[in-house]
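With our numbering, the residue at position 43 of the sequence shown is 43, and numbering never jumps.
Beta carbons are placed, not taken as given, at the ideal position from N, Cα and C, and that holds for glycine.
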Amino acid sequence: MFVKTITPAEVLAGIQAGDDQVIVDIRDRASYVVGHIPGAISNPADGFDSSMFSSIDPSTLLVISCYRGVMSKQVVQYLQSQGFENVVSMKGGMNGWHKLPNAPIERVTE
1 MFVKTITPAE VLAGIQAGDD QVIVDIRDRA SYVVGHIPGA ISNPADGFDS
51 SMFSSIDPST LLVISCYRGV MSKQVVQYLQ SQGFENVVSM KGGMNGWHKL
101 PNAPIERVTE
């Protein structure tokens, strides 16, 4: 199954432009809390819950982000098998995101 990808720079441009996209961070919760892409939703791969997407418009772009862009491809394939068509893996994951100049990071303060 073909997995579409998107670069961290394209994700950032989409955020800045206010594009209709949902960023899903599949890293463990502790990594998400320490720092994630602004607005990203935490949905760790080791308990992945696809039901959270049932209320999202099918035309909305789902961007799946992990540590290095490997596990996200597996989640994209899973979501495609569940009927999601507009889903992509972010190349390089959060490692790639951190390489962007001035990449914004959001932290959870609980």
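By the beta-carbon neighbour count (other beta carbons within 10 angstroms, threshold 16), Ile105 is exposed.
When DSSP reads this structure, His98 sits in no beta bridge, so it has no partner. Counting the other Cβ atoms within 10 Å of the Cβ of Arg27 gives 16 or more, which makes it buried. DSSP places Val33 outside any beta strand (DSSP E); the residue lies instead in the alpha helix (DSSP H), whose first and last residues are 29-34. For Val63, the enclosing beta strand (DSSP E) starts and ends at 61-65. As a beta-bridge residue in DSSP terms, Val87 pairs with Leu62. Bounds of the alpha helix (DSSP H) holding Ile15 are 8-17.
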